[in-house]
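Just so we're aligned, residue 673 is where the sequence shown starts under my numbering, counting upward by one.
Here a beta-carbon is modelled for each residue, glycine too, at the ideal position from N, C-alpha and C.
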Amino acid sequence: MAATKTTKTRKSSDHRGSAKTTTDHNRIMRWAEERGGHPATVKGTTDDHTGVLRIDFPGRGNDAALEEVSWDDFFKKFDEKKLAFLYQDKTAGGRTSRFGKFVNRESGGGNRGRR
Numbered sequence: 673m674a675a676t677k678t679t680k681t682r683k684s685s686d687h688r689g690s691a692k693t694t695t696d697h698n699r700i701m702r703w704a705e706e707r708g709g710h711p712a713t714v715k716g717t718t719d720d721h722t723g724v725l726r727i728d729f730p731g732r733g734n735d736a737a738l739e740e741v742s743w744d745d746f747f748k749k750f751d752e753k754k755l756a757f758l759y760q761d762k763t764a765g766g767r768t769s770r771f772g773k774f775v776n777r778e779s780g781g782g783n784r785g786r787r
């Protein structure tokens with residue numbers, strides 16, 4: 673069973689602006705799709721089919737550098753590389769956030785001095 677861990681990034685009584693870390697495939701897929709995102713990989717970053725993982729939000733950023741992949745291929749690579757997803761549901765101002773990044777499961781991506 674995949675675990676979900678919350679890492680507080682700023683003091684807030686309602687947890688707005690806080691980040692969470694998860695390895696739950698369904699949670700990651702739901703988070704991305706609720707924001708219009710889909711699974712992608714950065715073209716040419718590895719020799720295998722699925723390179724460096726990203727969530728692509730069409731029309732935002734450099735779409736030309738990304739290639740859409742299936743959720744199955746995405747999560748296969750996600751698990752092989754022992755990644756976790758560090759994400760934010762809401763900004764400190766209460767708006768829906770698109771902040772998300774992939775981190776090593778061991779480090780958890782929290783405020784531990786690693787970037």
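Contact between the stretch 688-697 and the stretch 729-738 is absent: fewer than 3 CB-CB pairs across the two stretches fall below 8 Å. For Ala712, the enclosing beta strand (DSSP E) begins and ends at 710-714. Here DSSP, grouped into helix, strand and coil, assigns Arg699 to helix. Thr768 has Lys762 as its beta-bridge partners, per DSSP. With fewer than 16 other beta carbons inside 10 angstroms of its own, Lys753 counts as exposed.
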